[in-house]
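This report concerns only the one structure given below.
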């Protein structure tokens, strides 16, 4: 009788422990991603944006700054073609980033965007961005990486400057084996 | 089943007796305490002077990491489980733990886990060097190859803790003597019941976070790698979702121990028993909603900072209730100051002090100055050493005569207490000052202006270490013999454990006692 009661309690508690393990593995990471996406908490910008026709707010000028940096051990040259742009909210703007692979081997890079102040993440839309794909550069190759963006006209009034920062990661080891289905010609996009 | 233990080593290997397993847990945790303590002494020896004298920075980082891991998972947690094994069946009038074979298993996997963890010191690239909080990507992309052994060691420790917790809950819920309602249980049993639920809720989260690390390192996932679309800050959230309840796992049983000791030596019943139970439960609940106060500087929105700041400060309320109750229990009592009582009073004073520095850290705007400085080190050592270590020591002195049938040497006990008390304060109090002045934690070398306080702290650390040798000697002598203890041991103590003979026979309460 008592043995049976103990087995019931133990089974319930074990199920609770297993549930918490599954919660940590399969619920917490997606929950965190969703939370960050809604709040823009980690400065991550959204996925590809389908432009909707909107009135351009010509009364307002917002300064957009571009920053490019390399993650540790990434040997590529990587910089924005212009450091700042003055844009009217609602207006689609184009710019390019310049990347070059000075090494003697083919490499794959991945740029990760981050936006400051991060409250503006949901008001900064990218209709075209090289950060949506991995970029493959052959040994010695250079490329212009295109970016097309729209600052939302609903941008809160206090914001005058937005800084868009890209960090370039070397993902050659992780993705070179299946790079066939990746975007191998970055200039095609522009 | 009225037979004694098997002879020789098999007794310990095959035992399902809660007293044997409790003793093994306690000896194991003491061995880990000495090992982790030696690593702390390496750290303090290196920090005695600015510049690099004794160890290289790489090894220094391994020492800080291993010291933290071994003290948290090897010393404090198994010691509390050992006390639970010894005392909970005797306190609730049960013949043994509810699941004795699982009890054996949960102890015997621990030595393997820690052998594996310690063996990383001898591997290529050295032991884990990323701090006991093992933040990604330090513990993933930049980790030494031995990190995989560390991950599996954590898995095994987690399994052991979960099994121990299940056993304790089953014992408390199913095996109480007739008449012992939940609100008649000793407070040590109550605090352990709540702690066990915390363990079951968060140890799987720890297992989950190291599993995600394992996948990132070996199977190409990107939970914590920004390059693959993950986020290193996710690691900190998941880790501290485990980590904050974990710090209460290391303190709630301590509350139970001093709540047993202070009434005995104040010769008054515990003041506010039911408020103690509710305060413990409130602290346990709050521990789940305050985790991000460990990471105020990661860039949270102001609403998040405020929420975690206020929720953290709220914990001071139930904790204050407890401190108030202990002091009121002592108020106008006919107090005597035997060794367990000395350690318990030091617990109340110094834990409160550590709580105050915790409140300072909880203030989000101020935390930006304190974050990752020695002030944090001073804070958590003030809550863990007088909190967990002193209460375990107090519990050992309090119940040792019941376990062995012999009285310990009171003079030696007092010498141990004063050496430990002075050593602790000399070690950790100056750390508040160097921390406020800006000395970062986890560095092997420091700016010249911190030299004096660091020298004082290092001398205190060696004094504290020496005190533990006195403790070991005293316990060994008491196990071997000494003045016989009476069945009650102390002056009219409360609890079923004092109704059995001293030393406690191998099997107690084969027929349940009646509780009025």
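Chains as they are written, first to last, in the numbering used here: chain P, 1 to 190; chain V, 191 to 706. Quick reminder that beta carbons are idealized off the backbone N, C-alpha and C, glycines included.
Practice item. Quick one: which residues of the stretch 524-538 of chain V get their C-beta closer than 8 Å to a C-beta of chain P? List them in chain order. Key: none
Exercise for review: Please list the residues of the stretch 547-562 of chain V that have a C-beta atom closer than 9 Å to any C-beta atom in chain P, keeping them in chain order.
Suggested key: none
**Study point:** Stretch pair the stretch 230-249 of chain V + the stretch 323-333 of chain V: three plus CB contacts closer than 8 Å
**Key:** The stretch 230-249 of chain V is not in contact with the stretch 323-333 of chain V.
Point to revise | Contacting residues, own chain, Cβ-Cβ under 6 Å from residue 65 of chain P (five flanking each side not counted) | key: Against the first chain, residue 65 of chain P aligns to sequence position 65. Result list for residue 65 of chain P: 84 and 163, in chain order.
Exercise for review: Flag this pair as yes or no: are the beta carbons of residue 139 of chain P and residue 109 of chain P separated by less than 8 Å?
Suggested key: Counted from its first residue, the first chain places residue 139 of chain P at position 139. Counted from its first residue, the first chain places residue 109 of chain P at position 109. Result no, Cβ atoms of residue 139 of chain P and residue 109 of chain P do not sit closer than 8 Å.
Practice item. Please specify which runs of the beta strand (DSSP E), each continuous and at least 3 residues long, are wholly inside the stretch 523-561 of chain V, giving them in chain order. Key: Counting only runs of 3 or more residues that sit fully inside the stretch 523-561 of chain V, no beta strand (DSSP E) segment turns up.
Check your understanding: For the candidate residues V:340, V:625 and V:654, whose alpha-carbon lies nearest to that of residue 607 of chain V?
Key -> By 1-based counting over the second chain, the position of residue 607 of chain V is 417. Comparing Cα-Cα distances from residue 607 of chain V to each of V:340, V:625 and V:654, the minimum goes to V:654.
Practice item. To the nearest angstrom, report how far apart residue 667 of chain V and residue 532 of chain V are at their CA atoms. Key: Translated into positions along the second chain, residue 667 of chain V becomes position 477. Translated into positions along the second chain, residue 532 of chain V becomes position 342. About 21 Å.
Practice item. Between the Cα of residue 286 of chain V and those of V:416, V:698 and V:705, spot the shortest distance and give me the residue it belongs to. Key: Locating residue 286 of chain V in the second chain gives position 96, counting from the first residue. The shortest Cα separation from residue 286 of chain V among V:416, V:698 and V:705 belongs to V:698.
Practice item. Taking all protein chains shown into account, decide if residue 395 of chain V is buried (16 or more other Cβ within 10 angstroms of its Cβ) or exposed. Key: For the purposes of this step, residue 395 of chain V is taken as the residue at position 205 of the second chain. Flag for residue 395 of chain V reads buried.
Exercise for review: Given a cut-off of 8 Å, decide if residue 264 of chain V and residue 219 of chain V are closer than it, judged by their beta-carbon atoms.
Suggested key: In the second chain, residue 219 of chain V corresponds to position 29, counting from 1. In the second chain, residue 264 of chain V corresponds to position 74, counting from 1. Yes. Within cutoff.
Practice item. State the CB to CB distance for the pair residue 344 of chain V and residue 386 of chain V, rounded to an integer number of angstroms; the pair is presumed to be in contact (CB under 8 Å). Key: Residue 344 of chain V sits at position 154 when you count from the first residue of the second chain. Residue 386 of chain V sits at position 196 when you count from the first residue of the second chain. The pair is not a contact, with the Cβ atoms about 19 Å apart (cut-off 8 Å).
Review point. How would you call residue 161 of chain P, buried or exposed, if buried means at least 16 neighbouring beta carbons within 10 angstroms?
Key: Taking the first chain and counting its residues from 1, the one referred to as residue 161 of chain P is at position 161. Looking at its Cβ environment, which holds fewer than 16 other Cβ atoms inside 10 Å, residue 161 of chain P is exposed.
Review point. Do we get a CB-CB distance below 8 Å when we pair residue 427 of chain V with the residues of chain P?
Key: Within the second chain, the letter at position 237 stands for residue 427 of chain V. Answer yes: the Cβ-Cβ gap between residue 427 of chain V and chain P drops below 8 Å somewhere.
**Study point:** CB contact below 8 Å: residue 147 of chain P versus chain V
**Key:** Locating residue 147 of chain P in the first chain gives position 147, counting from the first residue. No, its Cβ sits nowhere closer than 8 Å to a Cβ of chain V.
Check your understanding: With DSSP run on the structure shown, which of helix, strand or coil describes residue 375 of chain V?
Key -> Stepping through the second chain from its first residue, residue 375 of chain V is reached at position 185. Note: residue 375 of chain V maps to coil in three-state DSSP.
**Study point:** Residue range of the unbroken beta strand (DSSP E) whose run includes residue 100 of chain P
**Key:** Position 100 of the first chain, counted from the first residue, corresponds to residue 100 of chain P. Residues 92-100.
Review point. Does any residue of chain V bring its CB to less than 8 Å from the CB of residue 29 of chain P?
Key: The residue given as residue 29 of chain P occupies position 29 in the first chain. For residue 29 of chain P, the answer is yes, since a Cβ of chain V falls inside 8 Å of its Cβ.
Check your understanding: Would you say residue 25 of chain P reaches chain V, if we count a Cβ-Cβ gap shorter than 8 Å as a contact?
Key -> Here residue 25 of chain P refers to the residue found at position 25 when the first chain is read from its first residue. Yes - at least one Cβ of chain V is within 8 Å of the one on residue 25 of chain P.
Practice item. Determine the burial state of residue 659 of chain V: buried for a count of at least 16 other Cβ atoms within 10 Å of its Cβ, exposed for fewer. Key: Residue mapping note: residue 659 of chain V aligns to position 469 of the second chain, counting from 1. Exposed: under 16 other Cβ atoms inside 10 Å.
Exercise for review: Pair every Cβ in the stretch 678-692 of chain V with every Cβ in the stretch 277-294 of chain V, then say whether three or more of these pairs are closer than 8 Å.
Suggested key: yes
Exercise for review: Would you mind working out which of P:154, P:151, P:158 and P:99 sits nearest residue 130 of chain P, comparing C-alpha positions?
Suggested key: In the first chain, residue 130 of chain P corresponds to position 130, counting from 1. Put simply, of P:154, P:151, P:158 and P:99 the residue whose alpha carbon is nearest the alpha carbon of residue 130 of chain P is P:99.
Review point. Are residue 153 of chain P and residue 59 of chain P closer than 8 Å when you measure CB to CB?
Key: If you number the first chain from 1, residue 153 of chain P lands on position 153. If you number the first chain from 1, residue 59 of chain P lands on position 59. No; because the gap between Cβ atoms is not below 8 Å, this pair is not in contact.
Check your understanding: So, is the C-beta of residue 164 of chain P closer than 8 Å to a C-beta in chain V?
Key -> As a first step, residue 164 of chain P is located in the first chain; it is residue number 164 there, counting from the start. Not closer than 8 Å to any Cβ of chain V, the Cβ of residue 164 of chain P fails to qualify, so no.
Check your understanding: Going by Cα to Cα distance, which pick from V:357, V:225, V:366 and V:338 is closest to residue 700 of chain V?
Key -> Here residue 700 of chain V refers to the residue found at position 510 of the second chain. Checked all of V:357, V:225, V:366 and V:338; the closest Cα to residue 700 of chain V is V:366.
Review point. Is it the case that the Cβ atoms of residue 691 of chain V and residue 677 of chain V are separated by a distance below 8 Å?
Key: As a first step, residue 691 of chain V must be located in the second chain, where it is residue number 501. As a first step, residue 677 of chain V must be located in the second chain, where it is residue number 487. Result yes, Cβ atoms of residue 691 of chain V and residue 677 of chain V sit closer than 8 Å.
Practice item. Go ahead and pull the three-state DSSP assignment for residue 72 of chain P. Key: The residue labelled residue 72 of chain P in the question sits at position 72 within the first chain. Three-state result, residue 72 of chain P: coil.
**Study point:** residue 127 of chain P, enclosing beta strand (DSSP E) - first and last residue
**Key:** To locate residue 127 of chain P, count along the first chain from 1; it is residue 127. 124-129 is the extent of the beta strand (DSSP E) around residue 127 of chain P.
Review point. So residue 537 of chain V packs on residue 581 of chain V, CB below 8 Å; how close in whole Å?
Key: Looking up residue 537 of chain V in the second chain gives position 347. Looking up residue 581 of chain V in the second chain gives position 391. Rounded, the Cβ-Cβ distance is 5 Å, consistent with contact.
Review point. Who are the neighbours of residue 110 of chain P on chain V, taking C-beta pairs under 8 Å?
Key: Within the first chain, numbered from 1, the residue matching residue 110 of chain P stands at position 110. Correct list: 417 and 418.
Check your understanding: Quick one: Cα of residue 341 of chain V to Cα of residue 579 of chain V, how far?
Key -> Here residue 341 of chain V corresponds to residue number 151 of the second chain, with the count starting at 1. Here residue 579 of chain V corresponds to residue number 389 of the second chain, with the count starting at 1. Going from the Cα of residue 341 of chain V to the Cα of residue 579 of chain V covers about 26 Å.
**Study point:** Nearest-angstrom Cα separation, counted from residue 254 of chain V out to residue 326 of chain V
**Key:** Mapped onto the second chain, residue 326 of chain V falls at position 136. Mapped onto the second chain, residue 254 of chain V falls at position 64. Distance between the alpha carbons of residue 326 of chain V and residue 254 of chain V: 17 Å.
Review point. Three-state secondary structure (DSSP) at residue 505 of chain V?
Key: As a working mapping, residue 505 of chain V is identified with position 315 in the second chain. In this structure, residue 505 of chain V counts as coil in the three-state DSSP scheme.
Check your understanding: Is the CB-CB distance between residue 295 of chain V and residue 353 of chain V below 8 Å?
Key -> Counting from one through the second chain, the residue named residue 295 of chain V turns up at place 105. Counting from one through the second chain, the residue named residue 353 of chain V turns up at place 163. Contact: yes.
Check your understanding: Are the beta-carbon atoms belonging to residue 308 of chain V and residue 252 of chain V less than 8 Å from one another?
Key -> The sequence position of residue 308 of chain V within the second chain is 118, counting from 1. The sequence position of residue 252 of chain V within the second chain is 62, counting from 1. Cβ atoms of residue 308 of chain V and residue 252 of chain V: not closer than 8 Å.
**Study point:** Beta-carbon neighbours of residue 360 of chain V, restricted to chain P and to distances below 7 Å
**Key:** Counted from its first residue, the second chain places residue 360 of chain V at position 170. The contacting residues are 6, 9 and 10.
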